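Input: a single structure, listed below in structure tokens.
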Amino acid sequence: MLDGFQKLTGLFESTTLDPLAREVIVMTVAVRNACHLCVVMHTGKLRALGAADELIDALREQRPGQPLPDERLEAVRQFTLAVLATAGGVSTLANRLTRAPIDPQLGVRPAVA
Numbered sequence: 095m096l097d098g099f100q101k102l103t104g105l106f107e108s109t110t111l112d113p114l115a116r117e118v119i120v121m122t123v124a125v126r127n128a129c130h131l132c133v134v135m136h137t138g139k140l141r142a143l144g145a146a147d148e149l150i151d152a153l154r155e156q157r158p159g160q161p162l163p164d165e166r167l168e169a170v171r172q173f174t175l176a177v178l179a180t181a182g183g184v185s186t187l188a189n190r191l192t193r194a195p196i197d198p199q200l201g202v203r204p205a206v207a
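With the numbering used here as the guide, the letters of the sequence shown map in order to residues 95 to 207.
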């Protein structure tokens with residue numbers, strides 16, 4: 095199981111998304127799933143990446159109607175929430191969060207990378 099996790103992590107880290115965008119995805123999932131250990135671990139990773147406290151706090155709190163301070167990262171967060179809410183069946187509206195089409199190989203928009 096650990097081997098599978100490490101392989102998936104390696105694949106995730108090799109996407110065109112930058113490290114900060116990847117952490118936004120992970121923190122969005124961790125907060126939604128109430129994984130307190132995950133939130134603590136990835137808060138540390140965000141700090142190591144130089145993320146602003148304002149961004150970290152917004153990710154940890156995830157208040158409805160309160161967007162992240164960075165528009166691009168907010169698009170990543172909203173897309174992640176849409177994927178979670180629909181078990182991957184994101185709507186046309188969620189698909190229009192950015193102007194670029196979804197790359198079918200990546201399952202994400204290159205524009206958010």
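For glycine and all other residues, C-beta sits at the position ideal for the given N, C-alpha and C. Everything numeric in this text was worked out from a predicted model, so none of it was measured.
Supposed close pair residue i, residue j - CB separation, criterion 8 Å
i	j	result
E117	L102	Not confirmed; about 16 Å, so no contact.
Three-state class that DSSP yields for residue i in the structure shown
i	result
D97	helix
T180	coil
P113	helix
D164	coil
C129	coil
L143	coil
G104	helix
Endpoints, the alpha helix (DSSP H) within which residue i is located
i	result
R157	Looking at the DSSP string, R157 is not in any alpha helix (DSSP H), and its letter there is neither H nor E.
Status (buried if at least 16 other CB within 10 Å, exposed otherwise) for residue i
i	result
A179	exposed
R171	buried
F173	buried
A124	buried
T110	exposed
L167	buried
L153	buried
A181	exposed
I169	Here residue 169 is Ala; the residue named in the question, Ile, does not match the sequence. By the neighbour-count rule (16 or more Cβ atoms within 10 Å), A169 is buried.
A145	buried
CB of residue i within 7 Å of CB of residue j, strictly
i	j	result
H136	V120	yes
L149	P163	yes
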